[in-house]
Amino acid sequence: MINTLVSMLIFPGFLFLSVLALAAEYADRKIYARLQNRVGPPYFQPLADLIKLVAKAEVIPEDANPQMFKLAPLFALTAAVTSIFYIPLWRTGALYSFTGDAIVVLYLLTIPTLCFFIGGWYSSSLFARIGSVRAVTALFSYEVPLFIGVLSSAMLADTWSLSGMTIFYEDHPWFWLFNLIGFGVALTALLGKLEKGPFDIPEAETEIVAGGFTEYSGRFLAILRMTIDIEMVVGASLLAAVFLPFGLTFNPVIGFIIYICKVLFVVACISLMRTVMARLRIDQMIEFCWKYLVPLGILQLLINMLLKGVIF
Amino acid sequence: MAEEKEFRIPIGPQHPALKEPVSFSLALRGEKIMGVDVRLGYNHRGIEKACEERTYLQDVYLVERICGICSHSHSTCFVQAVEEIAGLEVPKRALYIRTLVAELERIHSHLLWLGVAGHEIGFDTLLMFTWRDREVVMDILAMLTGNRVNYGINTIGGVRRDIRAEDIKEILKAMDILEERTKYYIEVATQETTVIQRLSGVGIISKEDAIKLGAVGPTARASGVARDIRRDDPYAAYAEMDFNVITDDHNDVYGRAVVRLKELLESYKIIRQSVGNLPEGPIAVRAPRKIPAGEAVSRYEAPRGEDMHYVKANGTDRPERVKVRAPTLANVQAVRHMLRDRYLADMPIVVAAIDPCFSCTDRLVSIRDMDKGRTDVIEWQDLRDYSIEWYKKRGVDFSRMGKIK
Amino acid sequence: MSEEENIKQRLADRFSFLADKITIKRARRLFLEVSMDNFSEVFDHAIKSLDFSMLSAISGLDEGDKFGLIYHLASDAGIMLNIKTSIPKDAPILQTVTGYFPSAEMYEREMVDLLGINVKGLPEGNRYPLPDDWPADQYPLRKGWKSDVLDNKENK
Amino acid sequence: MVFGRTKLGKMAVEVLKTFFQKPNTILYPAEKIEMPDKFRGKLVFYPERCIGCQLCVKDCPSNAIRIKKQEGGKFEAEVDLDKCIYCAQCVDSCPKKALEATKDVELAQLTHDKLKVILNAGPEEKPQK
């Protein structure tokens, strides 16, 4: 019982994840800044931002539905934190696992977006409503390629459990190299999920202020921002587990270092991609996802089908 | 309208896409813009009236502050009109220096625009890079005139600061750096897929509409209307310069970006000519304090388009009337036209594409007496007292920092 | 004959009453004075027959008992034709020129707000440039207007 | 619509190169910036040269300067640093070169009254009480 509580709240649960999330945000911002020839924030900046937001007064719009407005961020955070328990981090096998947990993780990662939609919609501001509608529209375009990407890797491993996948790739080293196309597809789709450029359409600052977050302030905004950061770590961990499953059998310290490197690599890829591209329009994003990403994902799926036929 | 399920979304007076207060009220259906309502005037400072109450020399500094970016445009345009009324023969060297500063200003304005355009389409990297390179020209301007903006180089009858031989070397060096960078940005703007996706086909205005709606500057030139005051109605030393008027027939935001970037290359050409052929001689003639009665219209190709000043003198040391028509005012109708039937996502870049400057446009809070302006100070103090009290209740004492009355 | 003189000649030929009202102040700058009664035909002729395709601005002046108006027309050749006319101050009524130049809307609204000229035929829209709560009958660009009005209003 | 050949991630090479360069930011106030020679900053006043002609007062676009006669017959200049627009027209107008612009730009204060300074023959300028 105590063990479960510790693992949920402290390690590798909420507290550890929060620290990692702030570190990931710092890495993202710092890399983004250095790519643009700027100095970037100091290491404590994400934490300072968080403390500042927590200390500020919350304003809830008069027209907003207060219950929904307050509950949406909490749900989003819970869903994002929960999903980490099913992802193998630095060893084969996650904290909890069962057949089909890959699907559960993908669905848990969808909940924050839906919560952003609900929170934005019920704050009844025009900007927030446009932003939340955009968030859901974007969901329909990136979710499918992300699923197909993960599916292709799962198919090669012949299991729907993330832990099972890591065990398979540990037994068959270098097989993960077959999934590189899928990795690219899933990484691009992850950009959409994290609302990072070029897919930062739901919170496009110059068009709709902060999208669904426009009316949020104080603690609730802190929770929302934390959710995005945790999503980034969870997303990076998921990609690391599914597409980069190597170096998982060393001792925990080396395994942990390798894990951090993988997360950092995914974060750096995200930073680079948002540095070199302009924000797309929502119609262009849908077109891009369905015209290029989905066919690429299906191509990966076909390759893996063939591989399975040839090898096994 | 109600049955068509349109809703109105306010963009401004305060909005992240706008660098200055202006209000667009957009009627939206989904993401599509069905109608646009523009409300200007938030920056009305009463400058035209204030000009009538100051001497000509003071007015030079006042009109310079109509706008921060095209400050040289307004001050040159104004002094040209006054010089014409007074019949002053401005020395050639002064005209060359004015031309030089004007082109440097155009470079810094166009680079600034490119950065802002990048920001509006969510491409902050372009913003950071262009603004970094813009520092080169800002440093040159500071070296030549003494300040980065509001150069204060013009005076009635000439210019206030001379150029030294070592400055010329620095200018030429900077031009080489900037030319190389500009060529790189032309490549980025014309090759980067996401940029082209966001710029091309957006904010279209045909040649006929551009003429009909009275568009000026790069907005008109990107629709194939070769309107350029520097060539059509030469002032300063432009009659002796060899340069091309850049036009483009894309008619959209992409075209406007290309026109501005190519104009930069022309500006480097003009600058090299003006420092190369810089005549020797005095830089100013003495101007009388009282300007004889008369009127003059002065036109100037500001980075954003045609700037026009009308000055009427009545024989005293103060003008009878100063009328300023800044380029953005002429382009407002064009923006309204461009936004119709576009997506909400295109709004920021379409508005930014005319390089709007609403400070220029609105010019004219009122010319209240300096001493009566005190009310602001008291409010500020009240606010300060309030915040100190607020923090005191929470255990933080800021009152020791600075004295409060 | 220079282009400016050519335009001057053509205007003088067409409208006999303009014969001694046209001055060429300097290269590319023509000024002409016309009464309000004849204004619209001269304006129309300049646009349609003399290729002045752009209205650069409209300046409104307070000239004591009347308002002076200057329409700054520009041609593509860089020539500026400044048509000066005037309307009485006690009946400041003017017809809009937005039919010729849609961009004139803003210039005319400015005269409505700042000088108190009643421009007929303006399309519906927001006022410009003064704020919506500006006191009525206060026209800042009229001579003798003082900003005291605003201070009194704030004190109330 | 696509014009010619387009490249996704055109700036990638450039940004990766910059990643290994020193940032271009100047960390003011830790690093100070040298102002150019012609810079127009805070004024200095030479009371011994002033003849009290008031030309600077007349030409000041923002009424920021006043020249007053001191008890000893010398002149002192009262400058409102918050009203001053730093155009240095007074420096140009002065027939005796009694005013000069410096490179001093760090003039921020917490309260308004500290921005009114009196430049006179005293040992050093002091803020008005």
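Line order of the protein sequences matches chains C, L, Y and R.
Throughout the first sequence, residue numbering follows my numbering, covering 768 to 1079 in sequence.
Throughout the second sequence, residue numbering follows my numbering, covering 1153 to 1557 in sequence.
Throughout the third sequence, residue numbering follows my numbering, covering 4 to 159 in sequence.
Throughout the fourth sequence, residue numbering follows my numbering, covering 2 to 130 in sequence.
Ideal placement from N, C-alpha and C gives every residue a C-beta, glycine not left out.
Just so we're clear, the structure is a prediction, and the values are computed from it rather than from any experiment.
message: For Asn129(Y), would you say it is in contact with chain L, using Cβ-to-Cβ distances shorter than 7 Å as the test?
response: With 7 Å as the cut-off, Asn129(Y) counts as an interface residue toward chain L.
task: List in chain order: all unbroken beta strand (DSSP E) runs of 3+ residues lying wholly within the region 801-868 of chain C.
output: Counting only unbroken stretches of 3 or more residues, no beta strand (DSSP E) element lies wholly within the region 801-868 of chain C.
message: List, in chain order, every chain L residue whose beta-carbon is nearer than 9 Å to that of Gln90(R).
response: Chain L residues near Gln90(R): Leu1209, Gln1210, Val1212, Tyr1213, Gly1304, Thr1307, Arg1312.
- prompt: So is Asp114(R) buried or exposed if we call it buried at 16+ other beta carbons inside 10 Å?
  reply: Residue environment analysis places Asp114(R) among the exposed positions, since fewer than 16 neighbouring C-beta atoms fall within 10 angstroms of its C-beta.
task: Confirm, please, whether the CB-CB distance from Asp996(C) to Glu792(C) is below 7 Å.
output: Yes, these two residues count as a Cβ contact at 7 Å.
For Tyr87(R), the nearest candidate out of Thr1251(L), Leu1214(L), Ile1221(L) (CA to CA): Nearest C-alpha to Tyr87(R): Leu1214(L).
query: Secondary structure at Asn64(R), three-state DSSP: helix, strand or coil?
result: Under the three-state reduction of DSSP output, Asn64(R) falls in the coil class, being neither helix nor strand.
- request: Grab me the residues of Ser1518(L)'s own chain with a C-beta within less than 6 Å of its C-beta, minus the 5 sequence neighbours each way, in chain order.
  value: Annotation note: pLDDT 35 at Ser1518(L) (below 50); position unreliable, coordinate value reported separately. Excluding residues within five positions, the ones whose Cβ falls inside 6 Å are Gly1198.
task: Give the DSSP-derived three-state secondary structure of Tyr1387(L) in the structure shown.
output: If DSSP states are grouped into helix, strand and coil, Tyr1387(L) belongs with coil.
query: Counting contacts by CB-CB distance shorter than 7 Å, is Asn804(C) in contact with chain L?
result: Yes - at least one Cβ of chain L is within 7 Å of the one on Asn804(C).
query: In chain Y, which residues lie less than 7 Å from Ala1482(L) when you measure between Cβ atoms?
result: Correct list: Ser106.
query: Is there a Cβ from chain R that is less than 7 Å from the Cβ of Ile1348(L)?
result: Yes, contact with chain R.
- request: Would you kindly work out how many angstroms separate the C-alpha atoms of Phe945(C) and Lys1075(C), rounded to a whole number?
  value: In this structure, the straight-line span from the alpha carbon of Phe945(C) to that of Lys1075(C) is close to 11 Å.
- prompt: Name the chain C residues that come within less than 8 Å of Phe20(R), Cβ to Cβ?
  reply: Ordered by position in chain C, the residues that pass the 8 Å Cβ test against Phe20(R) are Ile798, Arg801, Leu802.
task: Using a Cβ-Cβ cut-off of less than 9 Å, give me the residues of the region 1451-1467 of chain L that come near chain C, in sequence order.
output: Here the close residues number zero.
field: Straight-line Cα distance separating Asn9(Y) from Lys1475(L)
entry: Each residue's Cα considered, the two are about 28 Å apart.
- request: Pull up the distance between the alpha-carbon of Met1522(L) and that of Asp1285(L), whole angstroms please.
  value: Bear in mind that the predicted position of Met1522(L) carries a pLDDT of just 38, short of 50, making it too unreliable to give a figure here.
message: Let me see if you follow: with CB-CB separation under 7 Å, is Met2(R) close to chain C or not?
response: With a pLDDT of only 35 at Met2(R), under the threshold of 50, the placement of this residue in the model should not be trusted; the figure read from the coordinates follows. Not an interface residue.
field: Burial state of Trp941(C) (16 or more Cβ within 10 Å)
entry: Under a 10 Å Cβ-count criterion, Trp941(C) is classified as exposed, with fewer than 16 other Cβ atoms of the shown protein chains found around its own Cβ.
- request: Drop a sphere of 10 angstroms on the beta-carbon of Arg1494(L), count the other beta-carbons inside from all chains shown, and report buried for 16 or more, exposed for fewer.
  value: Sixteen is the threshold: when 16 or more other Cβ atoms of the shown chains lie within 10 Å of the Cβ of Arg1494(L), as they do, the residue is buried.
task: Name, in chain order, the residues that DSSP records as bridge partners for Met57(Y).
output: DSSP links Met57(Y) through a beta bridge to Ala77(Y).
query: Quick one: what does DSSP say Ile1422(L) is sitting in, helix, strand or coil?
result: Of the three classes helix, strand and coil, the one that applies to Ile1422(L) here is helix, per DSSP.
- request: Tell me whether the beta-carbon of Leu817(C) lies closer than 7 Å to the beta-carbon of Ala1045(C).
  value: Contact flag unset, no.
- request: Assign Met1040(C) to one of three DSSP states: helix, strand, or coil.
  value: Here Met1040(C) sits in helix by DSSP.
- prompt: Counting along the chain, where does the beta strand (DSSP E) carrying Ile119(R) start and finish?
  reply: Here the beta strand (DSSP E) through Ile119(R) covers 117-120.
query: Would you say Thr26(R) faces chain C, with C-beta separation under 7 Å as the test?
result: Thr26(R) counts as touching chain C.
message: Rounded to whole angstroms, what is the Cα-Cα separation between Val1253(L) and Ile1435(L)?
response: Approximately 14 Å, taken between the alpha carbons.
- prompt: Could you give the residue range of the beta strand (DSSP E) that holds Arg33(Y)?
  reply: Note that residue 33(Y) corresponds to Leu in the displayed sequence, not to Arg. Here the beta strand (DSSP E) through Leu33(Y) covers 32-36.
task: Run down chain C in chain order and give the residues with a C-beta less than 7 Å from the C-beta of Arg1280(L).
output: Reading off the sequence shown, one finds Met at residue 1280(L), where the question assumed Arg. Annotation: Cβ neighbours of Met1280(L) in chain C (cutoff 7 Å, chain order): Gln803, Asn804, Arg805.
- prompt: Within this structure, are the beta carbons of Gly1366(L) and Ala1294(L) separated by less than 7 Å?
  reply: Gly1366(L) places its beta carbon 7 Å or farther from that of Ala1294(L).
Val1034(C) at chain R interface by Cβ criterion, 7 Å: Taking Cβ atoms only, chain R never reaches closer than 7 Å to Val1034(C), which makes this a no.
message: Judging by CA-CA distance, which residue of Ala921(C), Pro969(C), Asn1071(C), Phe1017(C) is the nearest neighbour of Leu1005(C)?
response: That would be Ala921(C), whose Cα lies nearest to the Cα of Leu1005(C).
task: Mind checking the region 1048-1074 of chain C against chain L and listing, in chain order, the residues whose C-beta falls within less than 7 Å of any C-beta there?
output: Listed by position along the chain: Arg1048, Ile1049, Gln1051.
- prompt: So what does DSSP say about Arg1312(L), is it helix, strand or coil?
  reply: In the structure shown, Arg1312(L) adopts coil according to DSSP, grouped into three states.
task: Determine whether the Cβ of Val14(R) lies closer than 7 Å to any Cβ atom of chain C.
output: Using a CB distance cut-off of 7 Å, Val14(R) does not count as an interface residue toward chain C.
message: Only counting the same chain, and skipping five residues up and downstream in sequence, which positions put a Cβ closer than 8 Å to that of Leu1266(L)?
response: Same-chain partners within the cutoff: Leu1278, Thr1282, Tyr1337, Ala1341, Ala1409, Arg1412, Leu1413.
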